[in-house]
Amino acid sequence: MLTLLPPSEGKADGQDGAAPLDVAALSLPGLAPAREAVLTELVELCAADAGKAQEVLGLSEGLKGEVAKNAALRTAGTRPAGEIYTGVLYDALGLATLDKKARQLAERSLLVFSGLWGAVGIADRIPSYRCSMGVKLPGLGALGAYWRGPMAEVMPAAAGDELVLDLRSSAYASAWKPKGEVAERTATVRVLQSKIVNGVEKRSVVSHFNKATKGRMVRDLLSAGLDPASPAELVEALRGLDYTVEAQAPVKAGKPWALDVIVTEL
23 MLTLLPPSEG KADGQDGAAP LDVAALSLPG LAPAREAVLT ELVELCAADA
73 GKAQEVLGLS EGLKGEVAKN AALRTAGTRP AGEIYTGVLY DALGLATLDK
123 KARQLAERSL LVFSGLWGAV GIADRIPSYR CSMGVKLPGL GALGAYWRGP
173 MAEVMPAAAG DELVLDLRSS AYASAWKPKG EVAERTATVR VLQSKIVNGV
223 EKRSVVSHFN KATKGRMVRD LLSAGLDPAS PAELVEALRG LDYTVEAQAP
273 VKAGKPWALD VIVTEL
């Protein structure tokens, strides 16, 4: 199973004294030219005009220090991507506390999508950065659109014949949409909170529940050593882990499965 994750807005700092970024060493090496193009423009923009960079990146005054961080990306210390990304989903996933077998499975099966890198594995060493998929760089344009071509070249091979569990948010999903046979073995997940109001069940999408549940769900699959081969097997695996799952198989060829995970509390 290949699991696609969104990044986190918040990120840990790189490790002082650690080796700097080596673009050629990252997973999905076919993305290297596209990564170099985004990296070069981002670094040059942030080094040349902090005010413009702050505007392009959509940073508040409290986050303007991120511009200087971006300007130093080529020399900054790195950490494994699984340590760089923080936030609700990654806290619930708890990569650092997985046992050895679960961690090895995570390193083989998790890809984090990124406005700067396209996508990286959790063991890939990267510096801390600020560049969301919603950014529109002056030279390369909107990153969601920019990444579609490069990602279309590498992702079908990365998916192979495996199940694809797509947990990305809409902005990151725009960079690669599975097509054809790959789409048919892809499962997208929506987390819905269920509440009883005046005797009637009401369901709603709540961001915190969504992120935390997705992180916990991936952790539970990894910890149990489960590697389902199809969307139907994934549904059964999740139900076996006590998740309430409603599944909708695609009504026509070339479309993904849609799974609703129903929660009442974290």
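Numbering-wise, the sequence shown is residues 23 to 288 according to the numbering used here. Don't be surprised by glycine CBs; every beta carbon is placed ideally from N, CA and C. In this text, all values refer to a predicted model and were calculated from it rather than measured experimentally.
Boundaries for V240: no beta strand (DSSP E) harbours it, while the alpha helix (DSSP H) harbouring it runs S229 to S245, taken from the DSSP string. Spanning the alpha carbons of F135 and D188 requires a straight line of approximately 11 Å. With fewer than 16 neighbouring CB atoms inside 10 Å of its own CB, V222 falls in the exposed class. DSSP lists I218 as the beta-bridge partner residues of E223. For the pair S216 and T286, the CB atoms are nearer than the 7 Å cut-off. When secondary structure is reduced to three states using DSSP, V257 falls in the helix class.
In this structure the segment 160 to 178 touches the segment 44 to 56; the number of beta carbon pairs closer than 8 Å is three or more.
Bridge pairing for P102: R147 [DSSP]. Counting only unbroken stretches of 3 or more residues, the beta strand (DSSP E) elements lying wholly within the segment 162 to 204 are 186 to 188, in sequence order. Within its own chain, the residues whose Cβ lies closer than 8 Å to the Cβ of A114, once the five positions on either side in sequence are excluded, are K233, A234, T235, K236, G237, R238 and R241, listed in chain order.
In this structure, the straight-line span from the alpha carbon of V142 to that of L133 is close to 6 Å.
In this structure, the straight-line span from the alpha carbon of R96 to that of E255 is close to 43 Å.
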